[in-house]
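Heads up, the first sequence is in this note's numbering, so the first residue is -8 and it goes up one at a time. The beta-carbon is built from N, C-alpha and C at its ideal position, and this holds for glycine as well. Values in this document were obtained by computation on a predicted structure and should not be read as measured data.
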Amino acid sequence: MTFDTTFGQGHHLHLIDGSAFIFRAYHALPPLTRKSDGLPIGAVAGFCNMLFRYVEDAKSGDAPTHVAVIFDHSSKTFRNEIYPAYKAQRPDLPEDLKPQFPLTREATRAFNIACIETEGFEADDIIAALACRARDAGGRVTIISSDKDLMQLVGDGVEMLDPMKNKRIGRDEVFEKFGVGPERVVDVQALAGDSVDNVPGAPGIGIKTAALLIQEYGDLDTLLERASEIKQPKRRQVLLEHADQIRISRRLVQLDRDTPLDVTLESLEIREPDDSLMDFLNAMEFRTLTKRVAEKRGVEPPLPAPTPAATVEAEEIAPLPFDHAAYEVVTEPAQLAEWIAVIHEVGHVAFDTETTGLDEMRAELVGISLCVTAGRACYIPLAHVTGTDDLFGGAQRVEGQMLISEALALLKPVMEDPAVLKIAHNAKYDCKMLARIGIAVAPIDDTMLMSYALHAGLHNHGMDALSEQYLRHTPIAIKGLIGSGKSQITFDRVAIADAAPYAAEDADVTLRLWELFRPQLHRARVTTVYETLERPLVPVLADMEMAGVRVDRETLSRMSGAFAQKMAMLEEEIHALAGRPFNVGSPKQLGEILFDEMGLQGGTKGKNGAYGTGADILEDLAAEGHDLPARVLDWRQVSKLKSTYTDALQDHVHPDTGRVHTSYSIAGANTGRLASTDPNLQNIPVRSEEGRRIREAFVAGPGKVLVSLDYSQIELRILAHIADLPALKEAFRQGHDIHAMTAAEMFNVPLEGMDPMIRRQAKAINFGVIYGISGFGLARNLRIPRADAQGFIDRYFERFPGIRTYMDETIAFAKANGHVLTLFGRRINTPEINARGPGAGFARRAAINAPIQGTAADIIRRAMIRMPAAIADLPARMLLQVHDELLFEVEEDAADTLIARARAVMENASDPAVKLSVPLIVDAGRGPNWAAAH
DNA sequence: ACGCTCACG
DNA sequence: GACGTACGTGAGCGTA
């Protein structure tokens, strides 16, 4: 083949790091499979999306003239001959990724982009060779990658582009990262080594030190020659002893610019894709991308390739477009009756309520949407008013709506019909809205909770996001209808013509998600979790939230006044100590006062240039005898109590009920815990004496008492069970002081007369283990030297070997499966577990903690679900859950019975699904208020 | 909108 | 003297 022009001046070559694209795509997307045959294609889908976006972006601005995607051929390269351990400890590729590699090559060729790989060489080497050749020919090069190993190539017309951050990496950025220019990057890397790739480097020397050394001596050879001149004895010794290892490291990180190439630069000239692209995308069954590419190319998208096995199913659900015009507005009873007849025929209905606000206790019903099959949905407007107020200042009800009473009379039977399944997204909200007007919706399914059972840890479970991700459809945004911020209006002021497509679409999306997720629950083996731990919680929580807890405004208000006075006093003192007035609530100003003006030691600036002024730092300063930080700590405590609790809580007292109605999010926390919002009643103070008094404002009604029951040490008990720790289990069976027992076991001291300090340390270690302990973390928590902390941990692992096994096995499971499981089968996904960098540490600790925290969450969920039936005949209500505690309100006479019943439910909550090898113990308390009940 | 700080288990 | 680190949450405030 011949070309008009040879590559040279004025040409611009883009080199794309294909392997990086693949891995990013694989981890960014859920495990999608091809509908017709189940072939895993998530990574290919992501790869194609990225390539398409790249192609579109590349057309504008600094456009390339030539482009290639470079892949790694296999894991064995010439570097393994130099150093067998190189990249040896890389985890095996996930099974579902392997078959996708050849497909990404096919995809690249389908985009009509050159696709290069060479046996025995890494993609980085090929990139190096191509970049050098292009540069030598007088052209420019951009490497699309963020891999630091490629940074040695930057300079003289070669730069990099980080595709994630869309950030250009030139000489300055390389210098920022390595402390040296691109020419010396290899030297720094050779010294620092790389634990991820198993490049040994010089032990104990990192990038910072390496950069210093190279800056001082000019280059690596000079440094190694003159190593004996280094002043620091440790460094000198390391360099002298490991000179060979460092030289080998350099050969490992040095890219081979002479890698043989069997392509010419000219052959990389940009070409438009042809029909084979559409064929490929279609064969992969990427509907949305096929459509988008077709639009861009101005051609008709081909009909989806029919595959015998899946034709029927595929046509029924996924390919149906969302047609807003097809949605009906229901204005007459007869019309609604027709819809209800269809619902009975189908046996299920997806529904959604439209209201005037997010607070179910205060919002008013505006309309209801229904959907029976994908695409077939309607909206029943009930309380829409004119957008602007009339002359008398009131909004006028608009024409063309059924009376609420008429509509509800028709809907109530079907919503309560045990033979008709009602499907909603976040059903608790809609159930509460309808419960307020006398409709007890049942039975239900909840697509938000289905997603939670399937995807906890992967993403949030809001409907819009799920629709985008799993239906490839962006629903109408509510913002477009009601606006945002100050000019926001309520939904009842939205014109029916605008409201109908929005509302009906929500029901439509819900139904399609339901159809999609239902079979997935089985495949992911989370049907039982969904049916026993998620769905049944909806009515239980709805009742608790509607019950609310009585809060005495007077008490709060009185406390608020006292706090205000105390704050004012403290503020005066603080200003006097500082020598000038300033905003005590501003960490920035406080930092400047402490560390700049007063010149106190120990100020460290964080990444955004501000001094840290956290409680731990201020406590250290206070311990040195400084008054100002001590006063600020006092001020902060009072300020927190006032603003977050005594003030804000008053605003949450419902005007009609005189009670506070929190809202629990079932799918908020990754581990299965609930989260309480608006207000958060799971973080009411208890640890400090002053804060605990806030709980005195949470009171029982007349003739009633509050009863609190909480699991004793539930997470440690679960740990003892899961990790099989005989000594701990025995201690729990005997009812011993678990932390004292741990201390006795670890330090070989007698249980009797245990030193409280030793016990405190054992306690910290016990909790640390649950959190995925590190020497650093324990040292900081206990304020002891890091080496001592590490010593404790080592001894702990020695005495309780089951812990190490549990941790190792949990991590291995997470790496192999991408998720961990609780004892009850709850699945918590760990997408970051195979990531590199500091994120890996977080992911590991989260994976260790999740089965323990999650199992505890499952247990209290089971107790809550069984509770209503167990106490149905008692004048008692369950009000709050605080992770390991349940709070009840009960008539005084029945308190003892309630405690006995509720305790039995809680202590036996794991039966019969899981037989725990430790007893669960529940402590109980009662009193006129929450402080007294605790 | 985002980070800091701090309340809880 | 590599890096950064206990797990899970929500709310109020100051700062940008």
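Per DSSP, what kind of secondary structure is residue i in: helix, strand or coil?
i	result
Lys596	strand
His727	coil
Leu907	coil
Thr(-4)	coil
Leu877	strand
Asp188	coil
Met869	strand
Phe689	strand
His566	helix
His18	helix
Arg892	helix
Asn920	strand
Arg262	coil
Arg771	helix
Leu356	strand
Asp884	helix
Asp249	coil
Cα separation between residue i and residue j?
i	j	result
Ala11	Leu425	50 Å
Ala16	Arg25	16 Å
Ile890	Ile713	29 Å
Glu823	Thr888	48 Å
Pro31	Pro21	10 Å
Glu336	Pro312	24 Å
Leu23	Phe689	49 Å
Leu812	Leu462	27 Å
Thr279	Arg238	51 Å
Asp437	Ile469	21 Å
Val913	Asn899	10 Å
Gly33	Ile13	10 Å
Pro434	Ile414	9 Å
Ala753	Leu773	10 Å
His416	Ala893	31 Å
Asp188	Ala341	51 Å
Gln91	Pro670	47 Å
Val517	Gly763	26 Å
Taking DSSP's pairing of strands, which residues face residue i in a bridge?
i	result
Asn820	His810
Ala915	Leu700
Ile931	Nothing can be reported for residue 931, as the shown portion of the chain is limited to -8 through 925.
Ala341	Cys362, Ile414
His3	Arg131
Ser667	Tyr655
Thr24	Pro31
Tyr443	Paired residue(s): none; Tyr443 is not in a bridge.
His57	Leu4, Glu260
Which same chain residues, not among the five before or five after residue i, have their C-beta less than 7 Å away from its C-beta?
i	result
Leu401	Pro324, Leu327, Ala328, Ile331
Thr346	Ala354, Glu355, Leu356, Val357, Met424, Phe482
Ala711	Leu719, Lys720, Phe723, Val909
Tyr420	Glu351
Leu870	Met535, Ala538, Val540, Leu878, Phe879, Glu880
Leu528	Ile657, Arg852, Met855, Ile856
Leu349	none
Note down, in chain order, each residue of its chain lying with its Cβ closer than 6 Å to the Cβ of residue i, except the 5 sequence neighbours on either side.
i	result
Ser267	Ala101
Asp63	Ser10, Glu113, Ala114
Ile205	Val171, Arg175, Asp178, Val179
His452	Met439, Ser442, Tyr443, Ala658
Return the first residue and the last residue of the beta strand (DSSP E) that residue i is part of.
i	result
Tyr655	654 to 656
Met748	Looking at the DSSP string, Met748 is not in any beta strand (DSSP E); the run it does join, the alpha helix (DSSP H), is 747 to 761.
Asp611	From DSSP, Asp611 is part of no beta strand (DSSP E) but of the alpha helix (DSSP H) over 606 to 614.
Along the chain, where does the alpha helix (DSSP H) that runs through residue i open and close?
i	result
Val179	176 to 183
Asp849	830 to 861
Ala533	528 to 538
Met454	454 to 457
Can you list, in chain order, the residues of its chain whose CB lies under 8 Å from that of residue i, leaving out five sequence neighbours each side?
i	result
Arg777	Gly766, Phe767, Ala770
Leu624	Ala606, Leu609, Glu610, Ala613
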